[in-house]
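Chains as they are written, first to last, in the numbering used here: chain A, 23 to 288; chain B, 88 to 245; chain C, 88 to 230.
Yeah, the Cβ is synthetic: ideal placement off N, Cα and C, and Gly gets one too.
Below is one structure, written out as structure tokens; comments come after it.
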Amino acid sequence: MEHVPPVTFSRPPVVETVLGVQFLPLRRLTAPYAGLYWGEIRQDYPTQEVKSPLAPSVEAPSAPSETGIRFFAEPEVRCWFIDAEGAQLIQVQRDRFVRNWRKTGGAPEYPRYGWLRPAFQRDWERFLRFLEREDLGGPEVNQCEVTYINHIEQGAGWQSFGDLAKVLNLVARPESKESLPEPEMLVLNVRYGMPDDQGRLHVTAQPAIRRHDRKLVLQLTLMARGRPRSPAIGDIMAWFDLGHDWIVRGFVDVTTPRMHEIWGRR
Amino acid sequence: MIAAETSATLTGVPYATSPAPFIPYEGLSGDVILESTWAISPIRAVLELASLPENWDGYGSPSISVEVVNQAIRLVLDVARLGIDPLPEPFVGPTAGGGIILEWNLGKRELSLSVLPDGMVEHVKSDSGEPLEEGQATWALLRELVSWLVGPTDPRAA
Amino acid sequence: MARPNWADDPSIPDEAILWRGIVSRQIRPNPRTQTDGVSQGAFETQELSVNVAAETTAAAVLAKGKRRGVEWRLWEFTAGQARSLGLIVDRDPESDDPSHAVIVRADAPGLRLRGSQAKQLAEIGRWASVSISPGPSSTVSVG
């Protein structure tokens, strides 16, 4: 069934997207096997980097989000496999498979969820076939994540932190202007529970310096995370659709109509 | 689960190169999340140094590596996190060997923090241009150094 | 040129003025002196290239910088001042620059100059005050 997003923008401020799954650790998926996997995808992802691993995170129903620590006898690594433009990335570690898209000079346009979704499915299924062939076990997916990172540049709707009420519905200007001066800094961290314990939507807003052009931006990140009904591919993709819908609706709700106009809401 | 790596500035442990955990940022692009506006100018200055070409000084100095840039960003954010206020912004410049230096002048007191090409951080504490102390910087020493820079003059000094 | 056998050269007398080319990124305001100073970072290296002023001209040194794609201002201090900081000054003539010399640590030639040594070179020196005959290009930088 084709997924139809509820709202679209012609000029969305999104700069990076993430679709990822977390699963119980595959103990036999060691660094050499990650290298073997790279051999299979190298034509599409010719560059690799090794990073320290991400800690496990779980959205437990009716409980705060948890980030845990795991210990393994062998050193843990997270492998990045990057495409030629540096815009598409697959991240693999023992308990994670993540696919990122980011805006780059060679990939300046957001490719839309309608493209990202099947791209993830294709790469995930290819990964599953590799695991099966190498007898590394079948991943028991226990978390899905969809993240959208947006950059709202200073000067494009806001100038100072006191202006952020013009950008975010979550921020209101004090009615009385007699007591507090303009804020020096703003950091926002809001969490929403999805119905039926399907997961949570995390919304964070904080200033950042964008590395490639050194501009000051408001980084607005929406992350939906939760447990799929089952590890089956159909349920994973269904959860991604749910997460994406929550992100789009959440983005519309937390930002102002004035900004929607700037971004070309359709 | 996004490409976020949390900061782990370790008390008492010298600044070191990777694989020490990096500064907090979210996403692939290494955009620098800010916790204070004080850090804006120094971070921008550090990022600008990332684009220096080879032989930028005419003496064959190398361009500044990503690792050094990242370490310098980490250092700026760690200084900002000390919450010492007011603290002037440092001069941020390249070093001849391919490192990055932060330099402060406050009255007669001067402090420099140099990120070396290998990622280690060294400090020099000076008074009226005379070096008083130098060595490797650690997180605990960072607070002491910056506090000294902005603190009151020792009433026992002549 | 990296060499393993640096040794202080007494034929460079203590009073000899040494020039180091400084690019704009290494210039920082010095609030104590209310003038443009030099960042300590300009001297934080293993082998500090300088020119013996008496054996060349400011124009020649600045032209060398231009050939290397940079605009220098000349910072000067004496060989004796460098030696007093625990440094040695050795000749290192180059094919196109016979006045070239190198400053290294006396205790550990080849190791990076100490931060305190770099700091003091930034403190004791001054901008070279030389007159350059005006030529077709009037963009020569001096102190």
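Runs of beta strand (DSSP E) with 3 or more residues, each lying fully within the region 101 to 184 of chain A, are found at 110 to 115, 118 to 124, 163 to 175, listed in chain order. Judged by their CB atoms, A:Trp123 and A:Ala106 are not nearer to each other than the 9 Å cut-off. For A:Pro229, the chain B residues whose Cβ falls inside 7 Å of its Cβ are Leu121, in order along the chain. B:Glu141 and B:Leu236 have their alpha carbons spaced roughly 34 Å apart.
The region 92 to 127 of chain C is shown to contain whole beta strand (DSSP E) runs of 3 or more residues at 104 to 109, 114 to 117, 122 to 125, in chain order. Below the 7 Å Cβ cutoff, chain B contributes Ala183 as neighbours of C:Phe130, in chain order.
The beta-bridge partner set that DSSP reports for B:Asn192 consists of B:Glu197. Each of A:Ile284, A:Pro253, A:Gln176 was checked against the Cα of A:Glu162, and the nearest Cα belongs to A:Pro253. The DSSP-derived three-state label of A:Tyr214 is strand. DSSP places B:Ser128 inside the alpha helix (DSSP H), whose first and last residues are 127 to 136.
Lys151, Gly152, Arg155, Gly156, Val157, Trp159: these are the residues of the region 151 to 180 of chain C whose beta carbon lies less than 8 Å from some beta carbon of chain B, given in chain order.
Not flagged as an interface residue toward chain A: B:Leu174, since no C-beta distance is shorter than 9 Å.
About 17 Å separates the beta carbon of C:Ile104 from that of C:Ala129, a gap too long to meet the 8 Å contact definition. With a threshold of 9 Å between beta carbons, C:Asn117 makes contact with chain B. Taking 9 Å as the threshold, the shortest C-beta distance from A:Met259 to chain B does not fall below it. Note on geometry: alpha-carbon atoms of B:Tyr146 and C:Leu149 lie some 12 Å from one another.
Taking the Cα positions, B:Pro149 is about 24 Å away from B:Ser128.
Annotated three-state conformation of C:Ile175 is strand, per DSSP. A straight line joining the alpha-carbon of A:Ala230 with that of A:Gln176 spans about 10 Å. About 7 Å separates the Cβ atoms of B:Leu169 and B:Leu229, confirming a contact at the 8 Å cut-off. In the three-state scheme derived from DSSP, where H, G and I count as helix and E and B as strand, A:His224 is classed as strand. Beta-carbon to beta-carbon, B:Val155 and B:Val119 are separated by about 15 Å, too far to satisfy the 8 Å threshold. When rounded, the separation of the alpha-carbon atoms in A:Gly136 and C:Trp159 is 55 Å. Among the CB atoms of chain A, one or more fall inside 9 Å of the CB of B:Ile130. Apart from the 5 residues on each side of it in sequence, C:Thr165 sits with its Cβ closer than 8 Å to the Cβ of Asp101, Glu102, Ala103, Ile104, Leu105 in its chain, given in chain order. Residues of chain A whose Cβ lies closer than 7 Å to the Cβ of B:Gly117 are, in chain order, Arg233. Judged by DSSP secondary structure, C:Leu135 falls within the beta strand (DSSP E) whose first and last residues are 135 to 139. Under the Cβ criterion of 9 Å, C:Ser126 is counted among the residues facing chain B. DSSP lists B:Ile188 as the bridge partner or partners of B:Gly180. Taking the beta carbon of A:Arg236 as reference, the chain B residues within 7 Å of it are Arg131, Leu134, Glu135, listed in sequence order.
DSSP places A:Val43 outside any alpha helix (DSSP H); the residue lies instead in the beta strand (DSSP E), whose first and last residues are 36 to 45. Between the alpha carbons of A:Met281 and A:His224 lies a distance of about 20 Å. When CB distances to chain B are screened at a threshold of 9 Å, the residues of the region 90 to 116 of chain C falling below it are Arg107, Gly108, Ile109, Val110, Arg112, Gln113, Ile114, Arg115, Pro116, in chain order.
Look at C:Ser186: its C-beta is not under 9 Å from any C-beta on chain B. The residue among C:Ile211, C:Ser216, C:Gly167 with its C-alpha nearest the C-alpha of B:Gly216 is C:Ile211. Between A:Thr226 and the set A:Arg251, A:Pro205, A:Val193, the nearest pair of CA atoms involves A:Val193.
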